[in-house]
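Working notes for the structure below.
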Amino acid sequence: MVQIQICLGCLQLKMKLLSAITLALAAVTASAAPQGIDVSGYQPGINWSTVKANGVEFAYIKATEGT
């Protein structure tokens with residue numbers, strides 16, 4: 006009976022560890038997919054504070070026309 010209790014305790018610990026690893030991997034995966042936008046002269050007057058507040062981390066900005 007003592008061995009069963011120890012095994013159940015080990016199982017509970019392993020389940021908690023697995024849960025923590027799963028949450029950590031989800032956080033890493035989310036941070037590995039940054040959000041960005043593509044802007045050009047067709048979007049004048051961009052409120053960059055609002056853009057950042059909405060989770061956007063970078064922007065592609067068209068700076069030239071032609072060659």
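Here the sequence shown is numbered in the numbering used here, starting from 6 and rising by one per residue.
Note that the Cβ used here is the ideal one computed from N, Cα and C, for glycine as well.
{"Asked": "Cβ-Cβ separation, A29 to V44 (assumed contact under 8 Å), whole Å", "Found": "Actually they do not touch by this definition, with Cβ atoms about 34 Å apart."}
{"Asked": "Beta carbon of G46 nearer than 8 Å to that of V61", "Found": "no"}
{"Asked": "Inter-residue Cα distance where the pair is E70 and G50", "Found": "19 Å"}
{"Asked": "Inter-residue spacing [alpha-carbon to alpha-carbon] between I26 and N59", "Found": "27 Å"}
{"Asked": "Neighbourhood of A68 by C-beta, 8 Å cutoff - its chain only, sequence neighbours within 5 removed", "Found": "none"}
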